[in-house]
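Enquirer: Starting off with a structure, shown below.
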Amino acid sequence: EAVEELMDELPRMARTSFRSLTTGLVERLEVVVRFLALLEMYKQGYIELDQSDRFGDITVQWTGIGPDAPMEIDSYEG
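Residue numbers (the numbering used here): 40 to 117.
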């Protein structure tokens, strides 16, 4: 469910921070679930994550590529 929410939100935002994605969440469990959803989306290639400083804010950038993106194969012209 958290992945579905983020899949809806992130394309419109393009680039945001984890802090802004968790603003308004009250329960610690909600924050953890949202973080795990981001990790799943990263694993599938939908987003890029960056953290410049240790314990710094995490930047989330939408790539929209995902696992179903067509794979480019270079042809061999030997």
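Where is the CB? At the ideal position from N, CA and C, for every residue including glycine.
Between Asp-96 and Arg-58, how many whole angstroms is the CB-CB distance? I'm expecting something under 8 angstroms.
Expert: Confirmed, about 5 angstroms.
Enquirer: When you compare each of Ala-53, Glu-43, Phe-94, Trp-101 to Glu-10 by their alpha carbons, which one comes out closest?
Expert: In the structure displayed, the chain extends from 40 to 117; residue 10 sits before or after that span and is not available.
Enquirer: State yes or no: is the C-beta of Leu-77 within less than 7 angstroms of the C-beta of Val-70?
Expert: In this structure, Val-70 does not lie closer than 7 angstroms to Leu-77 by Cβ.
Enquirer: Beta carbon of Gly-105, beta carbon of Gln-83: below 7 angstroms?
Expert: Going by C-beta atoms, Gly-105 is nearer than 7 angstroms to Gln-83.
Enquirer: In this structure, does DSSP put Val-65 in helix, strand or coil?
Expert: Three-state DSSP puts Val-65 in coil, outside helix and strand.
Enquirer: Residues in its own chain within less than 8 angstroms of Met-127 by CB, not counting five upstream and five downstream?
Expert: With the chain covering 40 to 117 only, the question about residue 127 has no answer from this structure.
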